[in-house]
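Below is one structure, written out as structure tokens, with a few remarks after it.
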Amino acid sequence: MGPLGAYADEYARSLADPDGFWLKAARAIDWTRMPRRALDRSRAPFYRWFPDGKLNTCYNALDRHVAAGHGDRIALLYDSPVTGTKQRYSYAEITDEVARFAGLLVDLGVGKGDRVVIYMPMVPHAVVAMLACARIGAIHSVVFGGFAPKELAARIADARPKVLVCASCGIEPSRVVEYKPVVDEAILAIAPDCRPEHVVVVQRPQAPATMTANDVDWSQSISQTRPVGCVDVAATDELYVLYTSGTTGRPKGVVRDNGGYAVALAWSMANIYDIGPGDVWWTASDVGWVVGHSYIVYAPLLVGATTVLFEGKPVGTPDAGAFWRVISEYQVKALFTAPTALRAIKRDDPHMAEAAKYDLSRFQTLFTAGERLDPQTYQWATDRLGVPVVDNWWQTETGWPIAANPRGLEPLPIKPGSPTVPMPGYDVRVLDEQNTEVPSGTHGSICVKLPMPPGTLTTLWGDDERYRASYLAQHPGYYLTGDGGYLDADGYLYVMGRTDDIINVAGHRFSTGALEAVLAAHPAVAECVVIGVRDAIKGQVPHGLVVLKSGVETTDPEKLRAELIAAVRHEIGAVTSFQQVSVVEGLPKTRSGKILRKLIRAIADGRDEPVPATIEDPAVLERLRPVLQPSTGTAPRPCA
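Going by UniProt numbering, the first residue of the sequence shown is number 1, and it counts up by one from there.
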């Protein structure tokens, strides 16, 4: 028996009459041409929402609130404990900033359909740049500031931006990270015809950048530009491209449209998160990730709320009370963060003594996403905060929650370990390998019956066939989430983990294949495997197992370990949290040579997994156990 009431009615209507459901939801958006059609099925599986509609997403996020007389309302609160800076921007003020930077982009030759890569820390300029692109119909592609030159280069080469926007540096609790040298190295690594024509630089006093001939100083140039208005775009035109890790090591550019995204986000803010005009909403994420795109920038501004932009960490800036200080100071109604942040706070302040120092009386709900909210962390946060702790589950590809608890529509009972129920438009099914739906309570592959709702990806940038192969081919007629789990008898979804070799480090997904490629490139390494192992703070961290080439003497194991870690950090980035490397004598394989990754992961997690009959040498497993479970046997080899 599933949930009853308002949620059940809305969900059933969204599946039975998607056109009627989403055309009604579209009334929350201002259109220059109101759509009369909701879903275009003519190019299935490349569905398009609101094909006859026209709008501007920046206008909906900013200008319309000013036009309605709400220009004095605070749109953005910037809080940066790492620099000691705080700023407030009203809707009128940030609209002017965005219009002026849009004018600068136009002066640099950027127009409708052109791409702009944004490589920024958590500063207001990042939000301004994103919205300025939307204002003139350009397509932004934000790259997380921690990515290494090689990863940034891959994204630049794929997007082919006319302009790149960056800051001179990012600031971590213990160090300053210079961004401009990363940008310069990335640009030099790609073909000249893929390089941006200009680089706009936000100079930060902590590490000013050395400028070159094609570089443009943000502050100096913007004072000389005229503000520009909003450009009409089709609802089906691209708003942004956001790259996610691919299993082949090549990033996948998820394409998001304008109209469907605006409608879905506005619906979600009101109905899932219970946030409306004037409410203070804080998403403690980064603009480089999908959570930042959707719920730091676009969604809260679309509904006229106040959004908090925080340049800091849950602990260490300066202590484990950072989140509670921000909530108290700005009277935050709801916080959206990752379980990783909660686990970090729990590690440093298990009794949440810091929270007792602040007035949290206006704080109503804690939302989490990015990785599974384990029952232990859920219970700890619930007990200590005394507010609902609500999980929701979604992906870069979907742009907004697949499963959630609709707090604004009808709060449902919370079941620890479950993100609750599928949201309207998401016809979630759990399938077996034969594409057959499995009974409730039975594990399988979590899929969504096509078509997906508005706001989800329309394709992959420049590669329709890869979109088909990655998401649609394995289960015809369905979108493959890549996660496994089950639905219970009440219709609650349980997401138990990835079905492929992607690991989730503090909400950031990485391909184990990409990590293995870096390790394998070391001259001492014959073969290797990387698995995700449980971590109390980050959910998962990568653990590399390497087999050395015959004849290689590890006279300095710490040097080898340092070299491998440094290589991963340089090639992929420090955000991988790659620190564990073990030298092993061999890896368990089938007779055909396939490495038994699932079996290795099971050993590392302390789970009993049947040993396949096709294993080549069962003795390899016994030699591996002490490395993966040091407490149960002898100490690992020196590189562990």
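We treat Cβ as the ideally placed atom computed from N, Cα and C, and that holds for glycine.
Only a predicted model underlies this, so the values are computations on that prediction, with no experimental measurement involved.
Simplified DSSP state of residue i, which is helix, strand or coil
i    : result
A16  : helix
F21  : helix
V290 : helix
V546 : strand
P161 : coil
G276 : coil
W380 : helix
T436 : coil
V448 : strand
G633 : Unreliable placement is indicated for G633, whose pLDDT of 35 sits below 50; no coordinate value is reported for it.
I502 : strand
S577 : coil
W461 : coil
G484 : strand
I572 : coil
P626 : helix
K86  : strand
A8   : helix
C-beta atoms of residue i and residue j nearer than 8 angstroms
i    : j    : result
A355 : L385 : yes
R362 : Q395 : no
G532 : N504 : yes
L302 : V127 : no
V116 : V228 : no
G339 : L373 : It should be noted that the sequence gives Pro, not Gly, for residue 339. Cβ atoms of P339 and L373: closer than 8 angstroms.
S80  : G370 : no
G399 : G455 : yes
A129 : V177 : no
V525 : L515 : no
A167 : V199 : no
V66  : A92  : yes
D232 : K54  : yes
V581 : I595 : no
N392 : P413 : no
T225 : L104 : yes
Y298 : L265 : yes
G441 : A403 : no
Separation of residue j from residue i, as counted between CA atoms
i    : j    : result
W49  : H508 : 29 angstroms
W289 : L152 : 14 angstroms
R33  : S42  : 21 angstroms
C230 : R100 : 12 angstroms
Y478 : S445 : 11 angstroms
P277 : F323 : 23 angstroms
G292 : L131 : 13 angstroms
D274 : W281 : 10 angstroms
P388 : G20  : 32 angstroms
Q206 : E172 : 11 angstroms
I615 : K589 : 6 angstroms
R498 : L108 : 43 angstroms
P121 : Q203 : 12 angstroms
S14  : T306 : 29 angstroms
P375 : T210 : 49 angstroms
D608 : A602 : 7 angstroms
W461 : A159 : 8 angstroms
M423 : H125 : 33 angstroms
T576 : R36  : 46 angstroms
K24  : A38  : 10 angstroms
D40  : P18  : 11 angstroms
R637 : L621 : Residue placement at R637 is poorly supported in this model, since its pLDDT is 33, which falls under 50; the coordinates still yield a value, given next. Computed Cα separation, rounded: 15 angstroms.
P476 : N435 : 8 angstroms
A270 : P406 : 9 angstroms
I502 : E465 : 21 angstroms
S592 : V584 : Here S592 scores only 46 on pLDDT, less than 50, and its place in the model should not be relied on; the value that follows carries that caveat. Using only the alpha carbons, I get a separation of about 20 angstroms.
D359 : G321 : 12 angstroms
Bridge partners - residue i, DSSP secondary structure assignment
i    : result
E619 : Rather than Glu, the amino acid found at residue 619 in this sequence is Ala. Answer is none; A619 lacks a bridge partner.
F367 : F336, V390
R33  : K54
F310 : D79
L431 : E437, S445
S582 : L545
W281 : T307, A334
K589 : I595
A403 : W393, P422
H508 : V505
Extract the residue ranges of the beta strand (DSSP E) inside the stretch 203-251, only unbroken runs of 3 or more that lie entirely within it.
Along the stretch 203-251, the beta strand (DSSP E) occurs as fully enclosed runs of 3 or more residues at 215-217, 238-244, listed in sequence order.
Inside the stretch 129-198 only - alpha helix (DSSP H) runs reaching at least 4 residues
Fully enclosed alpha helix (DSSP H) runs of 4 or longer: 149-159, 180-188.
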